[in-house]
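In what follows, a single structure is set out as structure tokens and then discussed.
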Amino acid sequence: MELRLKNVSHAYGGTEVLRDITLTIPEGKIVCIIGPSGCGKSTLLRMMGGLEQPDAGDILQVGAPPEGCLNPLTYVFQDFALLPWRSVEGNIALALEDHRLGRGRIREIVADVLARTGLADFAGALPRQLSGGMKQRVAIARALAVNPAVMLLDEPLSALDAQTRELLMDDLIGLWTRAPFTAVYVTHNLAEAVRLGHAIVVLSRRPGAIREMIEIDAPLEARDMSDPVLAAKQQQLWHLMRDEARAADAELANV
Amino acid sequence: MSEIRPVPFRGGGFRPQVRRWVGLIVFVLLIAIAEWGTRTGWISNLTLPRPSDVLATFGELWQSGLLFKHLSPSLSRLAVGAVLGVSVGVSVGVLIGLFSYVRAGLVPVVAALFPIPKIALLPLFVIWFGIDEGSKYALIAFGTFTPTVVATYGAVDNVDRTLIRMGQSFGLTWWSIVRKIVLPGAMPGILSGLRISLAIAIILLVAAEMLGAEYGIGAYILEAGSLYDLERLFAGVVILSALGVIVSSAITMIEKRLLRWRG
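Protein chains in written order, with numbering that gives the first Met the number 0: chain A, 0 to 254; chain B, 0 to 262.
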């Protein structure tokens, strides 16, 4: 399934946050959206998943979701959004319980995603017992459990420390390599975008508009940050963003 | 050579810690002072009864079987009234938390009802619900209802919105979101509201029984007071305090069970 945005614009009150965004998320690819803080990238992601409505423009799903897909557009949140009163298993089951799958089937799916994310030993743990990285793995497992057509990741690694971030990036690359999924990955971290994106969309500061779209052809699993090509891409992105980021930083918040 | 000394410690404090026996020691100490004071005569018998006499009165009460004659109607009134008030209160509070129209309509009503001393309405309740048990149930139910409503909708308002957003993003049904996210998330607030509501229920129980009951702790205390029988008066008060402690520790137990996830 493909996701298409056509001339999407949005304003909060009198403040224009997004201007005329036209974008296609191709099937089986990871599209990263980067931009300075407050450029509306999270708003854009919420619109893609139907959690918010744009003032103008259309957001379209093209094609049918894959077989056995329970929730075509599935989020992974920055702050994990795990229920503190449910165990790891229970948190994943939550996403499945409304689909009349039967207990046995739910248990099967939960066991499968726990194994894929390396959480099999933590099935009974409560969120407060887990580190930040583990919590985000649970959230990723929960997203995988519903077999999404498009994964919408909202700065999923921003709340984690640098080492954990590296480990989780490796995990995400491993998951994608074994079974390619379609994803939109919002971040403000250039290194993450260069590591994980097949395409990188650079948004300008508020009102967010597409400034540039960069494609990276190197396969995800072969990307090495010491590669001069990737380093050059990251430099290029930083040049694109630097002035925007500086200007955004100096702006007074009025929302 | 400069002077070498350790960095002085200035953290610490401002953190409540468990001190197990202190509460009991304070109790025992206060009672011991009262006993010693009344025995030596430095506290006259008219001011305060001797604790040992109160205990003896309590023993008589127990042996004559009168204790249960007074206690059982009181407990059943408390149970019926509080269960009624709390369950209606929690339901209305959840509805206020979930629906804007209900909130707009009922929050002012609750705010208007809350400050009314419910005891003042007892004559009215007697007319509405009859002189016997009905009016007592109603008084306790009404008195526990308002604080429960306020605590409940506050607790629902405080449920983490990102969790609700998450539920919606996974396509959970409205009822699933309420049952699996809103209610468990509001539980800590509801339980701490319950603590206050049930203490109020005990106060109202006594008030209701003072105004027309043959048996009941309130009636017992009223009778003792009008005869100026301080020993019996205090025996009644001790029963009430014990009831308060039991109710409070019961809620602590429920909290430990239901809120184990908070750690």
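Note that beta-carbon positions come from the ideal geometry of N, C-alpha and C, so glycine has one too.
As the structure is a computational prediction, the values presented were derived from the model and not from experiment.
### Task
Could you please give the first and the last residue of the uninterrupted beta strand (DSSP E) stretch that includes A/Gly56?
Along the first sequence, read from residue 1 onward, the residue named residue 56 of chain A stands at position 57. 55-61 is the span of the beta strand (DSSP E), which, as asked, contains A/Gly56.
### Task
Check distances from the C-beta atoms of the segment 154-187 of chain B to those of chain A and list, in chain order, the residues that come in under 7 Å.
Thr161, Leu162, Arg164, Met165, Gln167, Ser168, Phe169, Gly170, Leu171, Thr172, Ser175, Lys179, Ile180, Pro183
### Task
Could you give the DSSP three-state label for A/Thr181: helix, strand or coil?
Numbered from its first residue, the first sequence carries residue 181 of chain A at position 182. Looking at A/Thr181 - three-state DSSP - the assignment turns out to be strand.
### Message
Quick check on B/Tyr227: does DSSP put it in helix, strand or coil?
### Response
The sequence position of residue 227 of chain B within the second sequence is 228, counting from 1. Coil, per DSSP.
### Query
How would you list, in chain order, the residues of chain B whose beta-carbon sits under 7 Å from the beta-carbon of A/Trp84?
Looking up residue 84 of chain A in the first sequence gives position 85. In chain order: Pro183, Trp260.
### Query
Cα separation between A/Val254 and B/Arg256?
Taking the first sequence and counting its residues from 1, the one referred to as residue 254 of chain A is at position 255. Taking the second sequence and counting its residues from 1, the one referred to as residue 256 of chain B is at position 257. Bear in mind that a pLDDT of 49 at A/Val254, under 50, signals an unreliable position, so the number given afterwards is only what the model happens to contain. The alpha-carbon atoms of A/Val254 and B/Arg256 are separated by roughly 42 Å.
#### Entry: Collapsed DSSP secondary structure at A/Met150 in the structure displayed
Taking the first sequence and counting its residues from 1, the one referred to as residue 150 of chain A is at position 151. Strand.
### Query
Whose Cβ in chain B lies nearer than 8 Å to the Cβ of A/Asp169?
Counting from one through the first sequence, the residue named residue 169 of chain A turns up at place 170. Going along chain B, no residue has its Cβ under 8 Å from A/Asp169, so there is no contact; the nearest lies around 25 Å.
### Task
Determine the contact status of B/Gly80 and B/Ala140, defining contact as a CB-CB distance below 8 Å.
Locating residue 80 of chain B in the second sequence gives position 81, counting from the first residue. Locating residue 140 of chain B in the second sequence gives position 141, counting from the first residue. Their beta carbons are under 8 Å apart, which means B/Gly80 touches B/Ala140 by this criterion.
### Message
Between A/Arg136 and chain B, is the shortest Cβ-Cβ distance under 8 Å, so that the two count as touching?
### Response
If you number the first sequence from 1, residue 136 of chain A lands on position 137. So no, A/Arg136 is outside the interface.
#### Entry: Simplified DSSP state of A/Leu207, which is helix, strand or coil
On the first sequence, residue 207 of chain A is found 208 positions in, with the first residue counted as 1. Looking at the sequence provided, one finds Gly at residue 207 of chain A rather than Leu. Here A/Gly207 sits in strand by DSSP.
### Query
Straight-line CA distance for B/Arg102 to A/Ala178?
Mapped onto the second sequence, residue 102 of chain B falls at position 103. Mapped onto the first sequence, residue 178 of chain A falls at position 179. Their backbone Cα atoms lie some 48 Å apart in a straight line.
### A/Ala1, DSSP secondary structure in three states
In the first sequence, residue 1 of chain A corresponds to position 2, counting from 1. The sequence given here has Glu at residue 1 of chain A, not Ala. Strand, per DSSP.
### Query
What residues from chain C crowd round A/Asp78, counting only those whose CB sits closer than 7 Å?
The structure shown has no chain C; the protein chains it does contain are A and B.
### Query
Between the segment 199-213 of chain A and the segment 12-25 of chain A, do at least 3 Cβ pairs fall closer than 8 Å?
Inter-segment contact for the segment 199-213 of chain A and the segment 12-25 of chain A is present: three or more beta-carbon pairs are separated by less than 8 Å.
### Query
Between the segment 37-47 of chain A and the segment 178-188 of chain A, do three or more beta carbon pairs fall short of 8 Å?
yes
### Task
Drop a sphere of 10 angstroms on the beta-carbon of A/Thr42, count the other beta-carbons inside from all chains shown, and report buried for 16 or more, exposed for fewer.
Counting from one through the first sequence, the residue named residue 42 of chain A turns up at place 43. That one is buried.
### Task
Return no unless some Cβ of chain B is closer than 8 Å to the Cβ of A/Thr181.
Counting from 1 along the first sequence, the entry for residue 181 of chain A is found at position 182. Answer no: the Cβ-Cβ gap between A/Thr181 and chain B never drops below 8 Å.
### Query
How about A/Val75 and A/Ala119: do their beta carbons lie closer than 8 Å?
On the first sequence, residue 75 of chain A is found 76 positions in, with the first residue counted as 1. On the first sequence, residue 119 of chain A is found 120 positions in, with the first residue counted as 1. Cβ distance not < 8 Å, so A/Val75 and A/Ala119 don't count as in contact.
### Message
Can you give me the C-alpha to C-alpha distance between B/Gly104 and B/Phe128, rounded to a whole angstrom?
### Response
In the second sequence, the residue the question calls residue 104 of chain B occupies position 105. In the second sequence, the residue the question calls residue 128 of chain B occupies position 129. Taking the straight line from one Cα to the other gives about 26 Å.
### Query
How close, in whole Å, do the beta carbons of A/Val201 and A/Ile33 come, if the pair is a contact with beta carbons under 8 Å?
Position 202 of the first sequence, counted from the start, is the residue given in the question as residue 201 of chain A. Position 34 of the first sequence, counted from the start, is the residue given in the question as residue 33 of chain A. Right, their Cβ atoms sit about 6 Å apart.
### A/Leu50 at chain B interface by Cβ criterion, 8 Å
If you number the first sequence from 1, residue 50 of chain A lands on position 51. A/Leu50 counts as touching chain B.
### Task
Could you check what DSSP says for A/His238 in three-state terms: helix, strand or coil?
Residue numbering aside, residue 238 of chain A sits at position 239 when the first sequence is read from its first letter. If DSSP states are grouped into helix, strand and coil, A/His238 belongs with the helices.
### Task
For the alpha helix (DSSP H) holding B/Ala31, just list the boundary residues, first then last.
On the second sequence, position 32 is the one that residue 31 of chain B refers to. Segment 21-39, the alpha helix (DSSP H) holding B/Ala31.
### Task
Report yes or no: is there a C-beta of chain B within less than 8 Å of the C-beta of A/Leu93?
Stepping through the first sequence from its first residue, residue 93 of chain A is reached at position 94. At a cut-off of 8 Å between beta-carbon atoms, A/Leu93 makes contact with chain B.
### Query
Around the C-beta of B/Ser73, are 16 or more other C-beta atoms found within 10 angstroms, so that it is buried, or is it exposed?
Translated into positions along the second sequence, residue 73 of chain B becomes position 74. Burial call: buried.
#### Entry: Partners in chain B for A/Leu125, counting only beta-carbon separations shorter than 8 Å
As a working note, residue 125 of chain A is residue 126 in the first sequence. Under the 8 Å cutoff, chain B gives Trp260, Gly262.
### Query
beta strand (DSSP E) containing B/Asp159: first to last residue?
Locating residue 159 of chain B in the second sequence gives position 160, counting from the first residue. Unbroken run through B/Asp159: none, as it is neither H nor E.
### Message
Our contact map puts B/Gly142 next to B/Ile199 with C-beta atoms below 8 Å; I'd like the distance itself, whole angstroms only.
### Response
The residue labelled residue 142 of chain B in the question sits at position 143 within the second sequence. The residue labelled residue 199 of chain B in the question sits at position 200 within the second sequence. Yes, they are in contact, since the Cβ atoms of B/Gly142 and B/Ile199 sit about 5 Å apart, within 8 Å.
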